[in-house]
Amino acid sequence: THRSEVVGVILSFQKPLEVADVSQSGTHSNNLSLTWKKTNKKKRSEDWDLEKMTNPYQEPEKGCVLCKVEVDFKNIQLLSQFISPYTGRIYGRHITGLCGRKQKEISKAIKKAQKLGFMSVTHKHPQLMRDPNICNIKYLR
Numbered sequence: 001t002h003r004s005e006v007v008g009v010i011l012s013f014q015k016p017l018e019v020a021d022v023s024q025s026g027t028h029s030n031n032l033s034l035t036w037k038k039t040n041k042k043k044r045s046e047d048w049d050l051e052k053m054t055n056p057y058q059e060p061e062k063g064c065v066l067c068k069v070e071v072d073f074k075n076i077q078l079l080s081q082f083i084s085p086y087t088g089r090i091y092g093r094h095i096t097g098l099c100g101r102k103q104k105e106i107s108k109a110i111k112k113a114q115k116l117g118f119m120s121v122t123h124k125h126p127q128l129m130r131d132p133n134i135c136n137i138k139y140l141r
């Protein structure tokens with residue numbers, strides 16, 4: 001009597017293989033002849049596509065908020081976004097997220113506006129407290 005079974009075996013993640021036919025001969029029941037058949041006949045082009053894929057979990061690069069905006073010492077509403085509401089001090093680059101060039105421009109414009117009397121030196125103007133925050137500061141939220 002002949003008895004045959006089909007068994008699926010996956011040998012690796014990239015190239016799955018399966019057993020096509022397992023048969024036993026009539027006289028010798030212990031002798032098994034295995035015939036392997038490759039199920040994945042595609043080239044390794046799929047593996048190359050995975051290398052070209054971008055990481056979906058990677059955060060987008062942070063760009064300078066003001067690189068496309070012209071900084072003016074008379075724009076008090078913009079300048080007040082970069083000073084502390086309690087002390088009047090200018091936030092550093094690590095807080096504002098600005099590039100070095102724009103951070104210098106903002107600092108110079110704030111100092112000029114304070115010297116000319118457009119801005120207060122010790123605190124933020126109360127009307128400007130409700131403006132949306134550009135900087136990532138936890139206590140302002």
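Quick note, the sequence shown lines up with residues 1 to 141 if you use the working numbering.
By construction, the Cβ of each residue, glycine as well, lies at the ideal position given by its N, Cα and C atoms.
### Message
Just to confirm, is the Cβ distance from residue 99 to residue 64 under 9 Å?
### Response
Taking the first residue of the sequence shown as 1, we reach residue 99 at position 99. Taking the first residue of the sequence shown as 1, we reach residue 64 at position 64. Result yes, Cβ atoms of residue 99 and residue 64 sit closer than 9 Å.
### Query
Going straight from the alpha carbon of residue 62 to that of residue 68, what length do you get?
By 1-based counting over the sequence shown, the position of residue 62 is 62. By 1-based counting over the sequence shown, the position of residue 68 is 68. Going by the C-alpha atoms only, they are around 14 Å apart.
#### Entry: Nearest-angstrom Cα separation, counted from residue 60 out to residue 113
Here the question's residue 113 lines up with position 113 in the sequence shown. Here the question's residue 60 lines up with position 60 in the sequence shown. Those two C-alpha atoms are separated by around 34 Å.
### Task
Let me know the secondary structure DSSP gives residue 90 once reduced to three states.
Taking the sequence shown and counting its residues from 1, one reaches residue 90 at position 90. Residue 90: strand per DSSP, three-state reduction.
### Task
Measure the Cβ-Cβ separation of residue 80 and residue 125 and say whether it is below 9 Å.
Taking the first residue of the sequence shown as position 1, residue 80 is located at position 80. Taking the first residue of the sequence shown as position 1, residue 125 is located at position 125. Result yes, Cβ atoms of residue 80 and residue 125 sit closer than 9 Å.
### Query
Between the beta-carbon of residue 95 and the beta-carbon of residue 110, is there less than 9 Å?
Indexing the sequence shown from 1 puts residue 95 at position 95. Indexing the sequence shown from 1 puts residue 110 at position 110. No, the pair does not count as a contact, with Cβ atoms beyond the cut-off.
### Query
According to the neighbour-count rule (16 or more other Cβ atoms, all chains shown, within 10 Å of its Cβ), is residue 32 buried or exposed?
Numbered from its first residue, the sequence shown carries residue 32 at position 32. Legend: pLDDT at residue 32 = 45, less than 50; position of this residue unreliable, value from coordinates given subsequently. So residue 32 ends up on the exposed side.
### Query
So, is residue 103 buried or exposed, given that buried needs 16 or more other C-beta atoms within 10 angstroms?
Your numbering for residue 103 matches position 103 in the sequence shown. Under this definition residue 103 is a buried residue.
### Message
Is it buried or exposed, residue 116, if we count other Cβ atoms within 10 angstroms and call 16 or more buried?
### Response
Position 116 of the sequence shown, counting from 1, holds the residue named residue 116. Counting Cβ neighbours within 10 Å, residue 116 comes out exposed, since fewer than 16 surround it.
### residue 101: first and last residue of the uninterrupted alpha helix (DSSP H) it sits in
Locating residue 101 in the sequence shown gives position 101, counting from the first residue. Residues 100 to 116.
### Query
So with Cβ pairs under 9 Å, would you call residue 96 a contact of chain B?
Of the protein chains in this structure there is only one, and it is not chain B.
### Task
Would you kindly check if the distance between the Cβ of residue 128 and the Cβ of residue 77 is under 9 Å?
For the purposes of this step, residue 77 is identified with residue 77 of the sequence shown, where counting begins at 1. For the purposes of this step, residue 128 is identified with residue 128 of the sequence shown, where counting begins at 1. Their beta carbons are under 9 Å apart, which means residue 77 touches residue 128 by this criterion.
### Task
Would you mind working out which of 120, 130, 53 and 51 sits nearest residue 73, comparing C-alpha positions?
Walking along the sequence shown from the start, residue 73 turns up at place 73. Of the listed residues, the one whose Cα sits closest to residue 73 is 120.
### Query
Is DSSP giving residue 83 helix, strand or coil here?
In the sequence shown, residue 83 corresponds to position 83, counting from 1. Here residue 83 sits in strand by DSSP.
#### Entry: Same chain, Cβ closer than 6 Å to residue 107, neighbours up to 5 away in sequence not counted
Your numbering for residue 107 matches position 107 in the sequence shown. Within the same chain, residue 107 has close Cβ partners 90.
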